[in-house]
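Take a look at the structure set out below.
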Amino acid sequence: MKPLVLLIGLTPLLWCGTSAGLETLDDAWREALAGNHRLQAVEEQQQAAAQGVARAKAARLPQLTLSANYMRLDNPPTIQGKLAGQDFRFAYWEKSALYYSAYSSLPLYTSGRIPAAIAAARAGESAAQGDTASETQDLKMAVAATLIDVLRARQGIALAESHLENLTRHQRDVGNLKQQGLVANTDVLVAEVSAADARQQLTGARNRHALASAACNRLLARPLDQAVDFAEPVVDGDGRDLVLLTTAALTQRSELDAMRQRINALTHRADSVRAAARPQVGLGGGYGYQENSNQVDEAVWAANVGMVWQVFDGGASHHERADLEHQRAALQAQLAELQTLIELQVRQAWLDYNATSVRLAAAASAVTQGEENLTATRNLYREGMVSHSQVLDAETLRLQAHTNRLNATYDQMLTRLLLRRALGTL
Numbered sequence: 030m031k032p033l034v035l036l037i038g039l040t041p042l043l044w045c046g047t048s049a050g051l052e053t054l055d056d057a058w059r060e061a062l063a064g065n066h067r068l069q070a071v072e073e074q075q076q077a078a079a080q081g082v083a084r085a086k087a088a089r090l091p092q093l094t095l096s097a098n099y100m101r102l103d104n105p106p107t108i109q110g111k112l113a114g115q116d117f118r119f120a121y122w123e124k125s126a127l128y129y130s131a132y133s134s135l136p137l138y139t140s141g142r143i144p145a146a147i148a149a150a151r152a153g154e155s156a157a158q159g160d161t162a163s164e165t166q167d168l169k170m171a172v173a174a175t176l177i178d179v180l181r182a183r184q185g186i187a188l189a190e191s192h193l194e195n196l197t198r199h200q201r202d203v204g205n206l207k208q209q210g211l212v213a214n215t216d217v218l219v220a221e222v223s224a225a226d227a228r229q230q231l232t233g234a235r236n237r238h239a240l241a242s243a244a245c246n247r248l249l250a251r252p253l254d255q256a257v258d259f260a261e262p263v264v265d266g267d268g269r270d271l272v273l274l275t276t277a278a279l280t281q282r283s284e285l286d287a288m289r290q291r292i293n294a295l296t297h298r299a300d301s302v303r304a305a306a307r308p309q310v311g312l313g314g315g316y317g318y319q320e321n322s323n324q325v326d327e328a329v330w331a332a333n334v335g336m337v338w339q340v341f342d343g344g345a346s347h348h349e350r351a352d353l354e355h356q357r358a359a360l361q362a363q364l365a366e367l368q369t370l371i372e373l374q375v376r377q378a379w380l381d382y383n384a385t386s387v388r389l390a391a392a393a394s395a396v397t398q399g400e401e402n403l404t405a406t407r408n409l410y411r412e413g414m415v416s417h418s419q420v421l422d423a424e425t426l427r428l429q430a431h432t433n434r435l436n437a438t439y440d441q442m443l444t445r446l447l448l449r450r451a452l453g454t455l
């Protein structure tokens with residue numbers, strides 16, 4: 030199998046090679062990003078925010094209103110009076126009439142209400158984009174973690190099989206010595222029990238692999254029972270110190286940018302509410318038709334420039350601004366909390382990464398020693414120089430050494446990816 034290289038830093042993830050026919054983590058990411066329902070929901074929210082910007086911009090454009098009415102009166106409006114000493118009555122509206130009109134209006138000056146609303150919508154769109162980026166990285170991290178679980182479980186099966194093979198071999202050795210009358214029957218019983226326990230461990234390892242594969246398939250929108258066959262990555266680390274990593278995370282994390290944009294949106298919304306209580310100037314014009322034979326001109330064209338200023342609204346706008354200010358203060362507090370959480374995430378990933386490096390170095394030497402110890406102890410047992418329990422102890426130590434190396438290897442992969450996620454560059 031050719032190695033895969035995963036560069037952790039400011040550069041993208043690069044895969045230098047794969048075994049023929051095996052999928053890579055990049056393949057899994059592409060598949061997950063294309064079919065994940067939660068990510069699709071976040072992307073739809075981003076599209077909704079973009080429509081909010083378009084809606085806010087549309088407030089600057091002319092509005093056209095068409096209306097039509099048919100009215101029938103029981104008593105049409107009538108004028109009565111005296112003319113040349115004679116009483117008269119004149120109905121200046123017809124008993125039934127048709128009315129229709131077209132009216133257009135255009136805001137000329139809004140005291141900054143519309144620009145502030147547009148700025149708020151744009152900030153909301155930027156926040157939604159940050160949410161999409163964050164959800165994308167969360168999904169990629171989840172896929173990577175489940176894939177590592179699958180690879181870990183796959184190696185766990187191989188380790189459990191080797192454990193069963195060694196105990197089966199020991200069981201044969203004990204049986205041969207029993208036939209020669211060199212060991213007691215209790216040795217045979219213990220060997221059988223140990224082999225049975227190894228078979229139990231193998232069953233558990235296969236079950237863990239099946240569960241991990243199902244979890245991975247769910248994220249990839251595949252059938253849960255589909256085989257999962259991915260190449261193993263060799264992951265490179267980030268050599269920067271903790272201070273530089275923390276600074277980079279506080280600069281790069283999309284969650285922080287999304288929170289800041291939401292704060293900006295609330296600020297602009299408050300400005301828009303404040304501006305709405307100030308003078309609003311607009312231009313209007315249109316055409317109207319009233320069916321009335323008593324009028325000289327039934328059709329009328331009109332144009333106007335008007336100003337509206339809501340001097341007092343019972344304090345509603347003041348309370349709305351106060352509401353928005355409190356929401357803004359709440360987000361400021363959440364932003365400060367999020368910054369400390371990100372600092373902790375970076376520190377945890379960095380410490381775990383360093384710890385796995387030490388664990389892996391120690392486990393590598395322990396594996397060699399465990400194999401040598403098992404071989405030597407098995408030979409001594411065949412010569413009758415040690416008890417069967419020492420062989421079982423040697424196999425237990427060998428199994429533990431391999432398990433430690435396996436866990437350290439995949440924990441190192443996981444912590445490096447977690448560090449990348451904490452930096453916001455996964």
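Going by the working numbering, the first residue of the sequence shown is number 30, and it counts up by one from there. Even glycine gets a Cβ: it sits at the ideal position worked out from N, Cα and C.
Are the CB atoms of residue i and residue j nearer to each other than 8 Å?
i: ARG151; j: VAL82; result: yes
i: ALA277; j: LEU452; result: yes
i: THR139; j: GLN339; result: no
i: HIS192; j: LEU428; result: yes
i: THR385; j: THR432; result: no
i: HIS238; j: VAL172; result: no
i: THR454; j: GLN229; result: no
i: TYR463; j: GLN324; result: Since the first and last residues shown for the chain are 30 and 455, residue 463 lies out of range.
i: LEU249; j: TRP379; result: no
i: ALA164; j: ARG251; result: For clarity, residue 164 is Glu in the given sequence; the question names Ala instead. No, these two residues do not count as a Cβ contact at 8 Å.
i: LEU360; j: ARG307; result: no
i: LEU389; j: ARG434; result: yes
i: LEU353; j: VAL334; result: no
i: ILE143; j: PRO136; result: yes
i: TYR316; j: ALA131; result: yes
i: GLY204; j: VAL222; result: no
i: ALA437; j: ALA365; result: no
i: PRO91; j: SER134; result: yes
i: ALA362; j: ALA395; result: no
i: ARG303; j: ARG350; result: yes
i: ILE177; j: TYR382; result: no
Assign residue i to one of three DSSP states: helix, strand, or coil.
i: GLU284; result: helix
i: LEU33; result: Model confidence at LEU33 stands at a pLDDT of 33, short of 50, so the residue's coordinates are unreliable; what they give is reported in the following sentence. If DSSP states are grouped into helix, strand and coil, LEU33 belongs with the strands.
i: GLU320; result: coil
i: THR40; result: Here THR40 scores only 32 on pLDDT, less than 50, and its place in the model is too uncertain to base an answer on.
i: GLY314; result: strand
i: ARG303; result: helix
i: LEU421; result: helix
i: LEU455; result: coil
i: ARG89; result: coil
i: LEU492; result: Look at the range of the chain in this structure, 30 to 455, and you will see that residue 492 is not part of it.
i: THR438; result: helix
Go to residue i, then tell me how far its beta strand (DSSP E) extends in each direction, as first and last residue.
i: ARG307; result: Here ARG307 belongs to no beta strand (DSSP E), and DSSP marks it neither H nor E.
i: ALA462; result: Residue 462 is absent from the structure shown; the chain starts at 30 and stops at 455.
Just to confirm the assignment, what range does the alpha helix (DSSP H) spanning residue i have?
i: GLU60; result: 54-64
i: MET414; result: Counting along the chain, MET414 falls outside any alpha helix (DSSP H), and DSSP gives it neither H nor E.
**Asked** Of all the alpha helix (DSSP H) runs that stay within the bounds of the segment 198-275, which reach a length of 4 or more residues?
**Response** For the segment 198-275, whole alpha helix (DSSP H) runs of length 4 or above, ordered along the chain, are 214-248.
**Start-end ranges of the alpha helix (DSSP H) lying completely within the segment 104-181, minimum 4 residues** = Whole alpha helix (DSSP H) segments, 4+ residues: zero.
**Asked** What runs of the beta strand (DSSP E), each 3 residues or longer, lie entirely inside the segment 326-404?
**Response** The DSSP assignment places 328-337 as complete runs of the beta strand (DSSP E) inside the segment 326-404, in order along the chain (cut-off: 3 residues).
**Asked** Between the segment 138-153 and the segment 75-95, do at least 3 Cβ pairs fall closer than 8 Å?
**Response** At 8 Å Cβ cutoff, the stretches touch.
**Message:** I want to know whether the segment 104-111 touches the segment 278-286 - three or more CB-CB distances under 8 Å.
**Reply:** Judged by pairs of C-beta atoms under 8 Å, the segment 104-111 does not touch the segment 278-286, as fewer than three such pairs exist.
**Request:** Assess, as a yes-or-no matter, whether the segment 342-351 is touched by the segment 364-372 under the definition of 3 or more beta carbon pairs within less than 8 Å.
**Result:** Touching, no, given that fewer than three Cβ pairs across the two stretches are closer than 8 Å.
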